[in-house]
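Novice: Numbering (the working numbering), first residue to last: 3 to 87. First the structure, which I've put down as structure tokens, then a few questions once you've had a look.
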């Protein structure tokens with residue numbers, strides 16, 4: 003199950019980010035923020051007209067490293083979160 007998902011309709015540059023309550027609600031705030039940042043990278047790459055929005059390619063990794071450097075957070079490409087219920 004995914005902790006987060008970014009949907010990009012092809013008709014326009016609007017993105018919708020969904021986060022999984024069962025996977026994130028009882029986890030530390032840091033996990034929620036890291037998941038949100040991960041999904042925001044996908045959204046950013048989509049709206050800035052880069053075509054790697056659904057992938058974790060070089061542009062995704064470069065943006066992830068930039069955010070890590072500026073924020074001090076440790077972002078992951080994949081998480082192993084399980085429902086706390």
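Every residue, glycine too, gets a C-beta built ideally from N, C-alpha and C.
1) State the Cα-Cα distance for the pair residue 17 and residue 65, rounded to the nearest angstrom.
2) Does the distance from the CB of residue 75 to the CB of residue 27 come in under 9 Å?
3) Check each candidate in 35, 77, 73 and name the one with the smallest Cα separation from residue 20.
4) Judging by CA-CA distance, which residue of 61, 69, 58, 15 is the nearest neighbour of residue 39?
5) Skipping 5 residues on each side, what residues in its chain have a beta carbon closer than 7 Å to that of residue 49?
6) What is the rounded straight-line gap between the Cα of residue 72 and the Cα of residue 43?
7) Residue 7 bridges to which residues according to DSSP?
8) Which term fits residue 62, buried or exposed, when burial requires 16 or more other beta carbons within 10 angstroms of its beta carbon?
Specialist: On the basis of the data shown:
1) The residue given as residue 17 occupies position 15 in the chain shown. The residue given as residue 65 occupies position 63 in the chain shown. Computed Cα separation, rounded: 18 Å.
2) On the chain shown, position 73 is the one that residue 75 refers to. On the chain shown, position 25 is the one that residue 27 refers to. For residue 75 and residue 27, no; Cβs fall outside 9 Å.
3) As a working note, residue 20 is residue 18 in the chain shown. For the residues 35, 77, 73, the minimum Cα distance to residue 20 belongs to 35.
4) Mapped onto the chain shown, residue 39 falls at position 37. When C-alpha distances from residue 39 are compared across 61, 69, 58, 15, the shortest belongs to 69.
5) For the purposes of this step, residue 49 is identified with residue 47 of the chain shown, where counting begins at 1. Result list for residue 49: 15, 17, in chain order.
6) Taking the first residue of the chain shown as 1, we reach residue 72 at position 70. Taking the first residue of the chain shown as 1, we reach residue 43 at position 41. Approximately 14 Å between the Cα atoms of the pair.
7) To locate residue 7, count along the chain shown from 1; it is residue 5. Paired residues: 20.
8) Within the chain shown, the letter at position 60 stands for residue 62. Buried, because 16 or more other Cβ atoms sit within 10 Å of the Cβ of residue 62.
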